[in-house]
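The opening residue of the sequence shown carries number -9 in our numbering; numbering runs sequentially from there. The C-beta atom is built at its ideal place from N, Cα and C for all residues, glycine as well.
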Amino acid sequence: MKVLITGVAGFIGSNLANSLLKNNIQVVGVDNLSYGILDQVPKEVEFHQMDIRDKNISDIFDHIDYVFHLAAKNCITDCQEDPIETFDINVNGTINIFEAAIKKNIKKVIYAESSSVYEGATSLPSNESEVFPESIYAISKITTNFLAKEYGKSKGLVTTGLRYFNVYGPRQDYRRTIPPVFSAFIINLLNGKQPTIFGDGSKKRDFVYVDDVNNFHLMCIQDDRTDNEVFNIGSGKYYSINEIYSEIKHLLNSNIEPLFGENFSFEAQNNLADISKARKIGWNVKTDLKNGLKKSIDYIKENVI
Ligand SMILES: NC(=O)c1ccc[n+]([C@@H]2O[C@H](COP(=O)([O-])OP(=O)(O)OC[C@H]3O[C@@H](n4cnc5c(N)ncnc54)[C@H](O)[C@@H]3O)[C@@H](O)[C@H]2O)c1
């Protein structure tokens, strides 16, 4: 089997590449390296530095069975600032991938949506049936869901949409203006610096470890009950940013207190996944927060600091 991953040099893409290779699946990877890091793409991957909007992208879809389409502009604040580029990458880029998939008879495209499609929800947990996108990023992501449905209906494209909640683990991006909380907290505390919590730290998030996410990725290419469906990929538990901070501080034996920065009003106060749909077809979350944090800390100590 041969699988193509867009966004292969990013956090989820590079972890997915490792997981597929471990299962003896050949991997072709695409990334324009706008955010991704070439060094984290496993050597066994046939890598193409290419933009997902490139009209010739179907040239590298030959002999591919499945496509994981993960490339996106996904820093929520950057997306608010540049809606035109956000839609160009996230929506037009996705259309380009869907068109290439039709042209080259790809069995299925598994594409990344986001839990941000629930950001305006007034009751939790969120199940897949109702969405409340508000930010530019979330609106771009839910647009890909409408596109997937339309491509399924009019052109027979088979897809699975993945609404990742807050995925964490090795190789989580730490270089962007506002990095994800796990890597930002761990790196700053290990360097003896005060991390910044944006807002008052009371926002609660559903965090899911990347290995659990990869288990679901494998199901997407093995189990046709995932065809033409969308799934929440979270842990079904949520913790406040302050709780995460305390846990990391405790694990690192640190006494450094955080700084508090601007509150981003377009971000949801809380998110929490109803994961019963994915559970029903046999998926389970195996890594709890403490173990996931320990693994993330070990990785950062060995590879980043
Ligand atoms: N990490 C999470 O918790 C999370 C949560 C919800 C949704 N998602 C979605 O999952 C996907 C993967 O997220 P991630 O955390 O690995 O992000 P990431 O930024 O680490 O990886 C995305 C990759 O896409 C590449 N890319 C961006 N624009 C491109 C373009 N025009 N052409 C080619 N490559 C391009 C970047 O260089 C980067 O390597 C994204 O679609 C994201 O929106 C992630």
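(request) Write down every uninterrupted run of the beta strand (DSSP E) in the region 112 to 198 whose length is 3 residues or greater and which is fully enclosed by it, in chain order. (result) 149 to 154, 156 to 158 and 186 to 188
(message) Quick check on DSSP: helix, strand or coil for ASN205?
(response) helix
(message) As a quick exercise: from LYS285, LYS98 and ILE176, pick the residue whose alpha carbon is nearest that of LEU147.
(response) LYS98
(request) Confirm, please, whether the CB-CB distance from GLY26 to ILE(-5) is below 7 Å. (result) no
(request) Please report the residue range of the alpha helix (DSSP H) in which GLU315 lies. (result) Outside the displayed range of the chain (-9 to 295) lies residue 315, so it cannot be described from this structure.
(request) Kindly indicate the opening and closing residues of the beta strand (DSSP E) around GLU219. (result) 219 to 223
(message) For a test of the three-state rule: what should DSSP assign to LEU262, helix, strand or coil?
(response) coil
(message) Checking 7 Å against the spacing of the C-beta atoms, do ILE223 and VAL203 come in under that value?
(response) yes
(request) Can you have a look at PHE136 and say buried or exposed, based on whether 16 or more other CB atoms are within 10 angstroms of its CB? (result) exposed
(request) Hey, could you find the ends of the alpha helix (DSSP H) SER70 is sitting in? (result) One detail in the question is off: residue 70 reads as Gln in this sequence, not Ser. From DSSP, the alpha helix (DSSP H) with GLN70 extends over 66 to 71.
(request) Grab the span of the alpha helix (DSSP H) containing TYR101 for me, first residue to last. (result) Premise fails: TYR101 lies in the beta strand (DSSP E), 98 to 102, not in any alpha helix (DSSP H).
(request) For THR76, count neighbouring Cβ atoms within 10 angstroms of its own Cβ and tell me buried if that reaches 16, exposed if not. (result) buried
(request) Answer with buried or exposed for HIS59, where buried requires no fewer than 16 other C-beta atoms within 10 angstroms of its C-beta. (result) buried
(message) For a test of your reading of the model: does the CB of PHE1 fall under 6 Å from any non-hydrogen atom of ligand 1? Yes or no.
(response) yes
(request) Tell me where the beta strand (DSSP E) around THR(-4) begins and ends. (result) -8 to -4
(message) Tell me whether LEU6, by its Cβ, gets closer than 6 Å to a heavy atom of ligand 1.
(response) no
(request) Can you give me the Cβ contacts of GLN259 inside the same chain, cut-off strictly under 6 Å, excluding the 5 residues immediately before and after it? (result) LYS193
(message) On a Cα-Cα basis, can you pick out the residue from ILE234, LYS267 and LEU11 that is closest to GLU219?
(response) LYS267
(request) For my contact list, PHE206 and SER225 are in at a C-beta cut-off of 8 Å; report their separation, rounded to the angstrom. (result) Going by Cβ atoms, the distance from PHE206 to SER225 rounds to 12 Å, so no, they are not a contact pair.
(request) State the DSSP-derived secondary structure class of PHE254, mapped to helix, strand or coil. (result) coil
(request) Helix, strand or coil for VAL31, going by three-state DSSP, please let me know. (result) coil
(request) Reducing DSSP to helix, strand and coil, say where GLY110 ends up. (result) coil
(message) In the DSSP output, what is SER230 paired with across the bridge?
(response) LYS194
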